[in-house]
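Step one of this worksheet: look at the structure below.
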């Protein structure tokens, strides 16, 4: 659905930062965690460019680690700037989601 895709684009950075805040994860694992909470339409192909951008903006760091089953994996964790950005995103999201929720509940 095009509307859902557009809405996700606006909040995906925050969702990814929120997952990484709780634990150090690699890309595929991050994708699965997003799917577990209901964001099943967020593919790995969507996640990796976001991870790269977040890393370039110094909001996360990546570290290669050995894997028990195959090639090394890049694990991501939040930086101090990433934690601050996530706090800002949460504040804005709470205000926006509350306002939008009120509008969407109203009928004619």
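Numbering (the numbering used here), first residue to last: 88 to 195. Positions of the beta carbon are idealized from the N, C-alpha and C atoms, including for glycine.
If we ignore side chains and look at the alpha-carbon of each, how far apart do residue i and residue j end up?
i           : j           : result
residue 112 : residue 160 : 9 Å
residue 164 : residue 149 : 7 Å
residue 192 : residue 89  : 22 Å
Name the DSSP bridge partner or partners of residue i?
i           : result
residue 165 : 147
residue 182 : Note: residue 182 sits in no beta bridge, so no partner.
residue 135 : None; residue 135 has no bridge partner.
Contact check, residue i vs residue j under 8 Å by CB: the rounded distance?
i           : j           : result
residue 118 : residue 131 : 5 Å
residue 176 : residue 104 : 7 Å
residue 141 : residue 147 : 5 Å
residue 129 : residue 95  : 7 Å
residue 102 : residue 126 : 7 Å
residue 168 : residue 145 : 5 Å
According to the neighbour-count rule (16 or more other Cβ atoms, all chains shown, within 10 Å of its Cβ), is residue i buried or exposed?
i          : result
residue 97 : exposed
Should the segment 177-190 be regarded as contacting the segment 144-155, the criterion being three or more beta carbon pairs within less than 8 Å? no
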